[in-house]
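Protein chains in written order, with the working numbering: chain G, 1 to 236; chain R, 237 to 329. Beta carbons: idealized from backbone N, C-alpha and C, even for Gly. To start, the structure itself, in structure tokens.
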């Protein structure tokens, strides 16, 4: 594959320099097309690694809010375009009712307990969480508004499922973040066995790689260990 | 980057002993390009190596595109010393 095509995988900010470096490297093998092809395989992996790093960075809180805002904006634009052709009245109250049903369904699909974060002051974290939930619901609402004039049957059901999936993602994603720095928790470790729940707890421990603390998440909630708990590693 | 993998340590060693650009590192270590270049990015991000571009006039003289050269930093030297203790066979690479 041409190196110029592979360059499109690389994030734009690094693309030019990446391309220049690979052109410089491939110039060594100008007389050996087979070896050049072999080297280009490495270029593919190099480009993919750079893109993967960029995607990982996009999970940072600020980048995520910007991404969700852009998504909500696109859904809003689609809804505005759809409203020009057909206007459906009473969408707002219907969506509120739909969300009420979604909130009843949600506990059946996941554990929605608040978790014990008493070891840390997480006011900043709450702001990020509410902003994320608001943007997710806004995107769902406008996507629904955009779909209503075009989809005759099943729009309500599809939106309901979409809202459950979106809210579930937002809640679980937030749970897997450090309450101190809001970065994603990593290195999950299984602790204990579900059959030994009377003798000890069984669950998953996630760690903040910046050293802020550990999240203990029960696999099967018991009376002694019902909800996920955050414990600090060091005194901040 | 507190602990280096063997491949990363071999790449760091090759840079420390004079291999300065991607292709020469591949030749010195015997590692494939798909391992060398992503590792170079990670080592650069960890500030164990730094990169600079060859002068355009030099590249023009040899009628080829300019190369990107890598040099080992002070923290890279310290990481390499630690890696040599961890991987005694690294010296022979």
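Residue 233 of chain G is outside the set of residues whose beta carbon lies under 8 Å from a beta carbon in chain R. Distance from the Cα of residue 143 of chain G is smallest, within the candidate group G:80, G:10, G:218, G:9, for G:80.
Straight-line spacing of the CA atoms in residue 150 of chain G and residue 76 of chain G works out to 16 Å. Interface residue (Cβ-Cβ distance to chain R less than 8 Å): residue 186 of chain G is not classified as such. In the DSSP assignment, the residues bridged to residue 285 of chain R are R:308. Across the structure, residue 16 of chain G and residue 170 of chain G are spaced so that their CA atoms are roughly 36 Å apart. Residue range 229-232 is occupied by the beta strand (DSSP E) that includes residue 232 of chain G. Under DSSP, residue 177 of chain G shares a beta bridge with G:184. Around the beta carbon of residue 157 of chain G, a 10 Å sphere encloses fewer than 16 other beta carbons of the protein chains shown; the residue is thus reported as exposed. Within the DSSP secondary-structure output, residue 215 of chain G pairs in a beta bridge with G:206, G:230. The beta carbon of residue 19 of chain G sits closer than 6 Å to those of 7, all from its chain and outside the five residues before and after it, given in chain order. Near chain R, meaning a CB-to-CB distance below 9 Å, the residues of the region 20-34 of chain G are 20, 21, 22, 23, 24, 25, 26, 27, 28, 29, 30. Chain R places a beta carbon closer than 8 Å to that of residue 46 of chain G, counting this residue as a contact. For residue 125 of chain G, the three-state secondary structure derived from DSSP is helix. Excluding residues up to 5 positions away in sequence, 186 lie with their Cβ nearer than 6 Å to the Cβ of residue 209 of chain G in the same chain. The beta carbon of residue 163 of chain G sits closer than 6 Å to the beta carbons of 102, 140 from its chain, once the five residues preceding and following it are set aside; these are given in chain order.
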